[in-house]
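Residue numbers 57 to 352, in this note's numbering, belong to the letters of the sequence shown in order.
I have placed the structure first, in the form of structure tokens, so that the comments after it can refer back to it.
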Amino acid sequence: MDQSANAFHEGERRAQHLAGVDPPSSKFIRPFLTEQHRAFFPALPYLVVGGLDADGWPAATFLSGDPGFIACPDETTLSVAWPENAADPVRAELREGRPIAVLGIEFPTRRRNRANGLVADINVAELRMQVLQSFGNCPQYIHTRASRRVSRDPGPIESLHGLDEEARQLIAGSSTFFVASCAVTVSHGGMDVSHRGGPLGFVRVDGDRLIVPDYPGNRYFNTFGNFLENPRAGLVFVDFERGDLLHLWGDVEIAWQRNSDGMQRAFTVCVRRGLRRIAVVPLNWEDGSVPGCSSE
């Protein structure tokens, strides 16, 4: 999205048209962090981040820290205490001036807020982001869960060509994942990272293809709009029991028609490659419920 009076870039407007919805109001998409958002982000013990990987593909990651590891010193700055990590596909490639997106999600309350912008500064210990857009998302389809910090010993990093059986089992048993996307026109703020949720197994696995239903949401179509301009996705699935992260990259196809299940839309990710990082999330989780499904 761009930060002008019309906050939606061409791809997003085209996605809204193809979905048959009236253009939504952009009045809640602001070029700064509201006071509410400046209080929200620093209270979180985890954060989802989207950026570009070494090959220029969108990539998503999930990081955690003690509350306060995120700071919002002013209305256009968000900083994250995030040490260098060559194993993290997003952290390893952060450079000043590159697009970046963050998603703050409070699982116990189902609140979620997003910010998009540019890397303002990066050093061995901290990321500082220039916020170009900040907005909230509806809480539907977020699986409520509580977390507590634990000690874990990270295991080896595993590279995947497509999906192996372990990856398929994790995806089939997941109610949540996160997807990064980026429009070609990066100057218009086209990097987004979003939450996707539904009942267990809502993502259908067909070989190396993932079919993801798109439920009614706030009609912004940030992710779909980016896909229309740049049909590539970076996904991350969190293993909430073991603390593993499964990063995936693939080409995207969109189906707009309603099917027999009443699904309005879906997108398919044809997985090209993946990365499994073992026991890197030092949190234990207690599951709640999924009160309903929506995208963005």
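Just so you know, even glycine gets a beta-carbon here, dropped at the ideal spot from N, CA and C.
Nearest residue (CA-CA) to Asn286, options Arg201, Glu309, Arg167 = When each option's Cα is compared against that of Asn286, the closest is Glu309.
Specify the secondary structure class of Leu331 as computed by DSSP and reduced to three states.
-> Of the three classes helix, strand and coil, the one that applies to Leu331 here is strand, per DSSP.
Specify the secondary structure class of Gly67 as computed by DSSP and reduced to three states.
-> DSSP, reduced to helix, strand and coil, places Gly67 within a helical segment of the structure shown.
Touch check for the stretch 330-340 and the stretch 289-308: three-plus C-beta pairs under 8 Å?
-> Taking a cut-off of 8 Å on C-beta distances, the stretch 330-340 touches the stretch 289-308, as three or more cross pairs fall below it.
Range of the contiguous alpha helix (DSSP H) that encloses Arg224 | Element bounds for Arg224: 221-228.
Closest to Asn282 by CA distance: which of Gly306, Phe293, Ala236, Pro272 is it?
-> With distances taken between Cα atoms, Asn282 lies closest to Ala236.
Leaving out five residues before and five after Pro214 in sequence, what residues of the same chain have Cβ atoms less than 6 Å from its Cβ?
-> The amino acid at residue 214 is misidentified as Pro; the sequence shows Glu. When the five nearest sequence neighbours on each side are left out, the beta carbons in the same chain lying within less than 6 Å of the beta carbon of Glu214 are those of Arg332, in order along the chain.
Per DSSP, what kind of secondary structure is Gln313 in: helix, strand or coil?
-> Judged by DSSP in its simplified three-state form, Gln313 adopts coil rather than helix or strand.
Please state if the CB of Pro269 and the CB of Phe277 are separated by a distance shorter than 8 Å.
-> Going by C-beta atoms, Phe277 is not nearer than 8 Å to Pro269.
Asp144 classed as buried or exposed, judged by whether at least 16 other C-beta atoms fall within 10 angstroms = Its Cβ being crowded by 16 or more others within 10 Å, Asp144 is buried.
Excluding the 5 residues preceding and the 5 following Phe88 in the sequence, name in chain order all residues of the same chain whose CB lies nearer than 8 Å to its CB.
-> Closer than 8 Å at the Cβ level, and outside the excluded window around Phe88, lie Glu131, Thr132, Val187, Ser190.
Give me whichever residues DSSP pairs with Asn169 in a beta bridge.
-> Looking at the DSSP output, Asn169 sits in a beta bridge with Gly160, Gly192.
Give the secondary structure of Gly281 by DSSP, where H, G and I count as helix, E and B as strand, and everything else as coil.
-> If DSSP states are grouped into helix, strand and coil, Gly281 belongs with the helices.
Assuming Val146 contacts Met185 (C-beta within less than 8 Å), just tell me the rounded distance between them.
-> Their Cβ separation, rounded to whole angstroms, is 12 Å, which puts Val146 and Met185 out of contact at 8 Å.
Val292, buried or exposed, once every other Cβ within 10 Å from all chains shown has been counted against 16 | Buried, because 16 or more other Cβ atoms sit within 10 Å of the Cβ of Val292.
Whose C-beta lies closer than 6 Å to the C-beta of Arg70 among residues of the same chain, with five residues either side of it excluded?
-> Around Arg70, the same chain offers Leu284 as residues with beta carbons nearer than 6 Å, after the five sequence neighbours per side are excluded.
Confirm, please, whether the CB-CB distance from Leu174 to Arg201 is below 8 Å.
-> Their beta carbons are not under 8 Å apart, which means Arg201 does not touch Leu174 by this criterion.
For Ala176 versus Pro139, is the C-beta spacing smaller than 8 Å?
-> No, Cβ-Cβ distance for Ala176 and Pro139 is not below 8 Å.
Please name the residue, chosen from Ala311, Asp248, Ala239, Asn274, that lies closest to Leu266 on a Cα-to-Cα basis.
-> When the alpha-carbon of Leu266 is set against those of Ala311, Asp248, Ala239, Asn274, the nearest one is in Ala311.
Assigned secondary structure, Pro155 (DSSP; H/G/I helix, E/B strand, else coil) | If DSSP states are grouped into helix, strand and coil, Pro155 belongs with the strands.
Give the DSSP-derived three-state secondary structure of Glu149 in the structure shown.
-> In the structure shown, Glu149 sits in a helix (DSSP, three-state: H, G or I).
Segment limits, alpha helix (DSSP H) that includes Ala95 = 91-96 is the span of the alpha helix (DSSP H), which, as asked, contains Ala95.
Continuous beta strand (DSSP E) stretch holding Asp270: start and end = Per DSSP, the unbroken beta strand (DSSP E) holding Asp270 starts and ends at 265-270.
Provide the residue(s) that pair with Pro114 in DSSP beta bridges, ordered along the chain.
-> Answer is Leu108.
Backbone CA spacing between Arg275 and Leu216 [nearest angstrom] = Distance between the alpha carbons of Arg275 and Leu216: 34 Å.
Identify whether Ala289 lies in helix, strand or coil by the three-state DSSP scheme.
-> The three-state secondary structure of Ala289, taken from DSSP, is strand.
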